[in-house]
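A short write-up of the structure that comes next.
Numbering (the numbering used here), first residue to last: 6 to 230.
Have a look at this one:
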């Protein structure tokens with residue numbers, strides 16, 4: 006087996022000490038192979054920085070409003086306005102809301118315990134994103150085109166439900182689509198061990214109602230960042 010740290014300029018291993026016919030001489034190794042590998046590492050990092058900067062610019066380009074309503078004791082209704090990527094609560098909606106979340110107080114308690122400081126982490130988990138869902142301008146444009154109301158249900162122990170309404174009008178009492186996932190499947194999705202498409206095809210994610218809306222949401226969430 007060739008040592009992976011001896012690389013040729015073509016990106017392949019050059020040989021082993023036990024195979025002198027393919028082992029590079031010291032001059033070649035230190036004056037050609039080692040500098041070439043150093044350059045490749047630097048180029049990889051440069052590409053990573055460019056990708057990170059592109060993602061940051063796309064997140065900073067977001068201007069939108071998300072509304073949340075919690076029913077029950079201590080609840081209320083809040084407009085969360087995003088301007089140039091920065092979210093802040095406002096006295097009213099600065100834009101037509103692209104999404105309104107509605108949930109009962111007990112469901113809020115369970116959602117906060119499950120998703121941490123961002124309710125969008127729940128959607129990210131359902132999409133096998135493995136963390137908070139990053140809302141970029143390109144992804145927001147896809148989400149802003151959705152119209153309809155979904156009910157998300159996490160079944161099982163410590164489960165919860167929430168209503169997600171897409172569009173600037175008032176959310177209805179009943180959803181057009183219900184998405185239900187069992188705890189075991191949710192944990193696998195959250196950990197990235199199960200793909201959302203596989204979970205759906207295997208029946209681990211249950212859909213009721215308008216399947217087209219669910220598919221449109223999946224495409225919007227899974228769109229490249």
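Ideal Cβ placement from N, Cα and C applies to all residues, glycine included. Nothing here was measured: the structure is a model prediction, and the numbers come from that model.
For residue 14, three-class secondary structure by DSSP:
For residue 14, the pLDDT reaches just 42, beneath the cut-off of 50, and the residue's location in the model is therefore unreliable, although a value from the coordinates is still provided. Note: residue 14 maps to coil in three-state DSSP.
Please report the residue range of the beta strand (DSSP E) in which residue 185 lies.
182-186
In the DSSP output, what is residue 94 paired with across the bridge?
Beta-bridge pairing links residue 94 to 85.
Assuming contact is defined by CB atoms lying nearer than 8 Å, are residue 104 and residue 153 in contact in what I supplied?
Taking a C-beta distance under 8 Å as the contact criterion, residue 104 and residue 153 do not qualify as a contact pair.
At which residues does the alpha helix (DSSP H) containing residue 222 begin and terminate?
216-227
Cα-Cα, which of 155, 160 and 163 is closest to residue 214?
155
Taking 8 Å as the cut-off, decide whether the C-beta atoms of residue 94 and residue 70 are in contact.
no
Per-residue burial, residue 2 [other beta carbons within 10 Å of its own, 16 or more giving buried]
Past the boundaries of the shown model lies residue 2; the chain is included only from 6 to 230, so the question cannot be answered.
Could you name the residues that DSSP lists as bridge partners for residue 155?
Answer is 169 and 182.
Among 44, 117 and 56, which residue has its Cα nearest to the Cα of residue 167?
117
Which residues mark the beginning and the end of the alpha helix (DSSP H) in which residue 235 is found?
Residue 235 lies beyond the stretch modelled for the chain, which goes from 6 to 230, so this question has no answer here.
Taking just the CA atoms, how far does residue 106 sit from residue 75?
8 Å
Since residue 138 and residue 126 should fall inside the 8 Å C-beta cutoff, what is the C-beta to C-beta distance between them, to a whole number of angstroms?
Indeed, because the Cβ distance is near 7 Å, the residues count as touching under 8 Å.
Distance, residue 159 Cα to residue 191 Cα:
8 Å
Three-state secondary structure (DSSP) at residue 108?
strand
Sub-8 Å separation of residue 204 and residue 194 beta-carbons
yes
Near residue 90, what residues of its chain come up, given a Cβ to Cβ distance below 6 Å and the 5 sequence neighbours on each side ignored?
64, 65 and 67
Along the alpha helix (DSSP H) that carries residue 69, what are the first and last residues, could you check?
Per DSSP, residue 69 belongs to no alpha helix (DSSP H); it is in the beta strand (DSSP E), 69-76.
For residue 171 and residue 202, the rounded distance between their alpha carbons
22 Å
Beta-carbon spacing of residue 151, residue 225 below 8 Å
yes
Considering only C-alpha positions, which residue in the set 173, 43, 200 and 40 is nearest to residue 227?
200
Around the Cβ of residue 113, are there at least 16 other Cβ atoms within 10 angstroms (buried) or fewer (exposed)?
buried
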